[in-house]
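Sequences listed follow chains A, B and C, in order.
Following the numbering used here, the numbering of the first sequence begins with 1 at its first residue and continues without gaps.
Following the numbering used here, the numbering of the second sequence begins with 1 at its first residue and continues without gaps.
Following the numbering used here, the numbering of the third sequence begins with 1 at its first residue and continues without gaps.
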Amino acid sequence: MREKETTIYLGPQHPGITGNMMVKLKVAGDTIVKAETHVGYLHRAFEKLMEQRTWTQSFPIVCRICVPEPDPNEENLARAIEEIEGREVPERAKYIRVMVLELARLATYGLWMGGQSGSMGLYTMPQWTIGDRDYILDLFEELTGGRVYHMYIWAGGVRRDLPEGFTDRVLKTLDYLENRLPDYDNLLFNNALFQKRAQGVGIIPKDKAIEWGVVGPPLRGSGIKHDVRIDEPYEVYDKLNFIVPTSDGCDVWSRALVRRQEYEQSISIIRQVIEKMPKGDYYNKIPNPLTWQVPPGEAYVKTESARGEFGYYVVSDGSIKPRRVHVRGPAYVHGVSLLEKILVGANIADVSFIMNSLGTCPPEIER
Amino acid sequence: MHIQDCTENTCVDQIQKIFHTAEVEIQRKKRVKVKLRLDLVPLFLSYARDYLNFKHLAHISCVDWIEENEFELIFMLWSYEASLMIMVKTRVNREKPEFITLSHLWPQAETYEREIHEMYGINFKGNERLGEFILEDWEGVPPMRRDFDTIKYSKENFYQRPGREDAQDVRETISKHSGEEVPDFAKEFSIRRIEE
Amino acid sequence: MTYDKNSKKIVDIIQNFARKHSLWILAYGTGCGAIEVPPTMTSRYDGERFGLRGAATPRQADVLLITGYLATKTLKRVIRTYEQMQSPKYVIGFGSCTINGGMYWDSYNTIKALDRYLPVDVYINGCMPRPESVISGFIKLQQLISEGKANGAEKYQKNLEWYRENQKKVIHNWKMPDYNW
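Dropping the structure here:
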């Protein structure tokens with residue numbers, strides 16, 4: 001007998017939904033027949049506001065586009081401006097930027113591990129990982145003055161040099177995080193419960209992954225080796241040794257494995273950066289920020305963030321304000337068209353599980 | 001053309017061989033810029049996808065060039081094999097902006113089109129999900145158009161809490177309260193702002 | 001329940017004492033401030049020491065934490081959520097953008113002063129506020145509760161027309177059920 005279809009509105013107020021968005025589900029029994037994403041609850045009109053602000057005033061805006069991981073946004077805008085203007089960035093600044101980006105990646109993965117396990121009812125994990133993430137936020141606070149939003153990476157370099165003894169403290173934190181990994185493994189990754197829940201759920205087929213515009217860990221979880229850090233190296237990623245982990249399962253489990261391995265890779269990248277970091281300038285001074293005109297031009301720059309590829313399309317018409325800054329976040333595709341596809345056939349209980357594995361983040365869908 | 005040999009230069013040659021009217025240039029390493037007539041764009045995109053192997057649609061963007069009475073549509077395609085990005089640019093008339101949907105080529109194009117439709121009012125023929133996407137009950141000019149004044153709108157529609165006026169330029173306030181002198185470059189700016 | 005300023009009954013004191021130690025926060029991340037709620041609630045800052053914990057649905061929740069700017073689309077949902085909550089209920093405005101619009105002062109899609117639309121008991125400023133300041137905001141709320149001053153819900157009930165008028169100015173298409181006040 002065919003079961004009667006019912007409509008369920010999951011969100012915007014729902015503890016399992018990652019952020020303020022809504023998924024309208026048509027279900028037959030417990031199985032989802034049709035899913036429709038509704039977004040727009042967080043629309044702040046950033047792209048319009050940036051047209052009203054000067055170039056430097058845009059930096060505090062872009063970092064608010066992605067709340068868990070603001071640094072790739074700043075780095076992207078800075079690099080786009082540098083590309084249009086042809087501004088050189090000192091070598092030391094590039095290394096510092098990579099360090100900040102990778103620390104942000106570690107912090108995001110900490111948050112992700114908490115969210116992923118929290119969405120299946122394993123509440124010990126968030127207590128650990130979000131607590132550990134705070135040590136990285138402490139480092140950020142010392143370096144930039146802000147826990148969550150940093151406004152640290154600017155056009156021409158970074159805002160200020162590393163404080164004295166900062167790298168030692170970074171290394172100490174890395175040691176701590178690395179020692180915590182076996183604990184995480186025992187609780188989450190070797191947990192039979194998690195494996196049973198995650199395997200075979202939320203499948204992105206390998207042959208469809210590129211066509212559907214999947215990026216980041218979900219793409220690598222479908223067995224395609226693509227990483228902006230390798231394919232189009234920015235900053236100093238071409239001088240560093242790291243591998244891009246992939247996994248062939250195409251499901252939530254393989255995405256988790258990819259992220260788990262990337263966690264180790266990030267730790268190793270930061271160690272290399274600290275080892276190789278040259279001395280010297282950290283900032284190529286921009287002219288008076290209130291009258292700073294960027295020459296006409298356009299640039300499209302990409303960054304590999306923890307959740308996937310960030311793309312910034314920046315246009316300047318030669319005035320003191322940006323003509324257009326258009327942001328393409330990884331969740332833009334993951335959270336709308338992809339989610340609608342892969343939710344079909346899943347259970348209601350798996351919705352927040354799958355959303356977490358895709359790294360859906362509504363603020364970057366609507367901005 | 002063999003996919004592995006696709007570099008910036010061969011890509012440019014290949015495109016120019018087939019699309020004579022296209023203005024092709026290498027913007028920088030890994031970026032090829034193609035300017036095309038509007039009606040050729042769908043043809044070009046499916047050609048790039050199927051023959052040049054640019055399988056990944058990275059971005060669709062729109063810029064309002066109100067001075068020229070045109071919208072510019074920008075499509076970014078990425079090739080995983082060649083690690084190369086094509087930027088396809090075209091202009092749409094601002095009076096009656098219309099284009100056709102690309103959702104049959106890339107399913108995620110639908111989302112971009114819905115956003116551009118809502119923010120700029122460009123009609124993508126064939127896209128069935130155009131309509132309310134991000135905004136709710138929006139009336140009037142699509143908000144991302146240059147002629148929409150967001151400051152005026154927010155002043156008219158929202159209650160603004162008083163007390164922000166003197167905090168517009170923190171430097172002025174500080175100098176007023178503590179007698180500290182405003183630096184020269186800031187003086188220049190505040191004069192200009194008042195004139196605006 | 002009504003409070004008479006002159007006579008504070010012993011029942012009220014006991015009630016308020018109980019209420020202030022079990023503040024259940026509605027799990028609704030309305031804005032970007034939601035990122036500082038997990039650290040507040042987890043091992044490092046441990047909000048549960050103060051009786052703070054999450055509640056899944058509006059019916060069970062005591063505190064509506066407005067974590068940041070409200071887009072007009074969200075405001076509609078927030079008002080509905082707030083009206084579904086049962087008394088006693090409190091609203092905390094979290095972040096500068098709930099106070100005066102913050103950096104979104106000229107945005108066409110966000111409201112600039114939360115207390116025009118919902119009765120706010122405590123504001124926590126900062127962008128974003130640290131977990132310590134979130135906790136201190138909650139302690140302030142506890143103080144107000146024990147003094148019997150956190151009566152935003154009553155204010156809302158009394159001035160419902162004024163609030164409705166403001167709400168309808170922003171939300172053009174008002175299709176909401178009228179709850180029984």
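Each residue gets a CB set at the ideal place from its N, CA and C atoms; glycine is no exception.
Here the structure is a predicted model, which means the values were calculated and not measured.
Quiz item: To which residues of the same chain is A/V336 closer than 8 Å at the C-beta, ignoring the five residues directly before and after it?
Solution: Result list for A/V336: T37, V39, I365, in chain order.
Quiz item: Quick one: is B/I194 buried, meaning 16 or more other Cβ sit within 10 Å of its Cβ, or exposed?
Solution: Interpretation of B/I194 is limited by its pLDDT of 49, a score under 50 that renders its predicted location unreliable; no figure is taken from the coordinates.
Quiz item: Using a beta-carbon distance below 8 Å, is B/H95 in contact with chain A?
Solution: A small correction: the amino acid at residue 95 of chain B is Glu; His does not occupy that position in the sequence shown. It does not; no Cβ of chain A falls within 8 Å.
Quiz item: Straight-line CA distance for C/K149 to A/M50?
Solution: 41 Å
Quiz item: Alpha carbon to alpha carbon, how far is C/Q60 from A/D350?
Solution: 24 Å
Exercise. Give me the Cα-Cα distance between C/G126 and C/G95, rounded to the nearest whole angstrom.
Key: 5 Å
Quiz item: For C/Y117 versus C/I124, is the C-beta spacing smaller than 8 Å?
Solution: no
Quiz item: B/R231 and B/D64: beta carbons closer than 8 Å?
Solution: Since the first and last residues shown for chain B are 1 and 196, residue 231 of chain B lies out of range.
Exercise. Look up B/H177 in the DSSP assignment and say whether it is helix, strand or coil.
Key: helix
Quiz item: Which one of C/V37, C/R77, C/S107, C/P88 has the shortest CA to CA distance from C/L144?
Solution: C/P88
Quiz item: Grouping DSSP H, G and I as helix and E and B as strand, with all else coil, what is A/L137?
Solution: helix
Exercise. Out of A/P68, A/T56, A/M120, state which residue places its alpha-carbon closest to the alpha-carbon of A/A78.
Key: The candidate whose alpha carbon is nearest that of A/A78 is A/T56.
Self-check item: Contacts around A/P163, its chain only, beta-carbon distance under 8 Å, and the 5 residues preceding and following it disregarded
Solution: E142, L143
Quiz item: For A/G216, does the count of other Cβ atoms within 10 angstroms reach 16, so buried, or fall short, so exposed?
Solution: buried
Quiz item: Anyone know if the C-beta pair for A/A331 and A/G359 falls short of 8 Å?
Solution: yes
Quiz prompt | N-terminal and C-terminal residue of the beta strand (DSSP E) that B/R49 is part of | solution = Unbroken run through B/R49 is the alpha helix (DSSP H), 41-50; no beta strand (DSSP E).
Quiz item: For A/T246, does the count of other Cβ atoms within 10 angstroms reach 16, so buried, or fall short, so exposed?
Solution: With a threshold of 16 other beta carbon atoms within 10 Å, A/T246 meets it and is buried.
Quiz item: So the alpha helix (DSSP H) C/I14 belongs to, where does it begin and stop?
Solution: 10-20
Quiz prompt | Backbone CA spacing between B/Y51 and B/L43 [nearest angstrom] | solution = When the Cα atoms are used, B/Y51 and B/L43 turn out to be separated by approximately 12 Å.
Self-check item: Three-way DSSP call (helix, strand, coil) for A/F242 in this model
Solution: coil
Exercise. Go ahead and label C/F17 buried or exposed: buried means 16 or more other beta carbons lie within 10 angstroms of its beta carbon, across all protein chains shown.
Key: That one is exposed.
Quiz item: Which whole-angstrom value is the C-beta distance of A/S117 and A/G16, which I expect to be below 8 Å?
Solution: Actually they do not touch by this definition, with Cβ atoms about 13 Å apart.
Practice problem: Count the other CB atoms, across all protein chains shown, that sit within 10 Å of the CB of A/I8; report buried if there are 16 or more and exposed otherwise. | Solution: exposed
Quiz item: Which chain C residues sit within Cβ distance under 7 Å of A/M134?
Solution: Note that residue 134 of chain A is Asp in the sequence shown, not Met. Within chain C, the residues near A/D134 are P39, R44.
Quiz item: Nearest-angstrom Cα distance between A/E5 and C/W174?
Solution: Cα to Cα, the separation comes out at about 29 Å.
Quiz item: Whose C-alpha, out of B/Q16, B/K55, B/Q14, is nearest the C-alpha of B/L105?
Solution: B/K55
Self-check item: For A/N347, the three-state DSSP class (helix, strand or coil)
Solution: Strand.
Quiz item: Relative to the C-alpha of A/Q293, which residue among A/G86, A/E69, A/I61, A/D248 is closest?
Solution: A/G86
Exercise. Please report the Cβ distance between A/I130 and C/P39, rounded to the nearest whole angstrom; I am assuming they are in contact, meaning their Cβ atoms lie under 8 Å.
Key: 6 Å
Quiz item: Around the Cβ of B/S46, are there at least 16 other Cβ atoms within 10 angstroms (buried) or fewer (exposed)?
Solution: exposed
Quiz item: In the region 35-121 of chain A, which residue ranges form an unbroken alpha helix (DSSP H) of at least 4 residues, counting only runs that do not cross its ends?
Solution: 46-52, 59-62, 71-85, 91-118
Exercise. Mind checking which residues open and close the beta strand (DSSP E) that includes B/Q71?
Key: In the sequence on display, residue 71 of chain B carries Phe and not Gln. Run containing B/F71: 70-79, per the beta strand (DSSP E) assignment.
Self-check item: Bounding residues of the alpha helix (DSSP H) (the contiguous stretch that carries B/E139)
Solution: Here B/E139 belongs to no alpha helix (DSSP H), and DSSP marks it neither H nor E.
Quiz prompt | Those residues which DSSP pairs with B/F124 across a bridge | solution = B/F99
Exercise. Compute the Euclidean distance between the alpha carbons of C/I25 and C/V91, then round it to the nearest angstrom.
Key: 10 Å
Quiz prompt | C-alpha gap between A/I342 and B/I134, whole angstroms | solution = 22 Å
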